[in-house]
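Chemist: Residue numbers for the sequence shown follow the numbering used here, so the first one is 8 and each next one is one higher.
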Amino acid sequence: MPELPDAFVLARSMDQALPGRAIAGVVVNQPKCLNRPEEEFRQAVIGRAFRRVWPRGKWVLADLDRHWTLAFNLGMGGEVRLHGPDEVADPKRERVVLRLDDGAQLWAHFWWFGHVHLLPLGDLSAHPQLARLGPEPLADDFT
């Protein structure tokens, strides 16, 4: 099961690789991991560019350029990885695949209880699990 430091490392890695890249396509192999209907999710994220990626608890949040934040939770185990354009995702393994405008692909794989949720940008209170989180224990202002 990924722990808090794992979410921080993943967020930092994603923040180094994704800002400025736009989502050109979406493949959803497990609609249950979304918090919105698949077509609504797809329409909301296609054409949007990543602005920043940051951790919040065990969630990895990716702010997009207009109105939305993608919230990744690895659940009981999983990973989010960047792959090249020629690699082929296994639909039985990869729950969500985001194809980027440069051809790269972001694969979200969860073994159990993982999520890719869509939230209004800047409004974590709109998400029941994120709204309940306490202070960020690895933040500079936490004492």
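Backbone N, C-alpha and C fix where the C-beta goes; we use that ideal spot for every residue, glycine too. Note that the structure is a prediction, hence the values are computed from the model and not measured.
(1) Could you give the C-beta distance for V28 and F48, rounded to a whole number, given that I count them as a contact under 8 Å?
(2) First and last residue of the alpha helix (DSSP H) that includes L137?
(3) For the beta strand (DSSP E) holding L68, just list the boundary residues, first then last.
(4) Of all the options H134, D70, A31, which has the alpha carbon lying nearest to the alpha carbon of P92?
(5) Which of the three DSSP states, helix, strand or coil, is assigned to Q37?
(6) So, V1 versus L77, is the Cβ gap smaller than 8 Å?
(7) Taking DSSP's pairing of strands, which residues face Q188 in a bridge?
(8) How is the beta strand (DSSP E) around F79 delimited, first residue to last?
(9) Out of G64, P44, D148, which one is the CA nearest neighbour of D139?
Modeler: Let's see:
(1) The sequence as given places Arg at residue 28; Val does not occur at that position. Not really, about 18 Å apart at Cβ, beyond 8 Å.
(2) 135-138
(3) 66-71
(4) A31
(5) coil
(6) Residue 1 falls outside the range modelled here, since the chain spans only 8 to 150, and no answer is possible.
(7) Here the chain comprises residues numbered 8 to 150, so residue 188 is not present and cannot be evaluated.
(8) 75-80
(9) According to the sequence shown, residue 139 is Arg rather than Asp. Minimum Cα distance to R139 is reached at G64.
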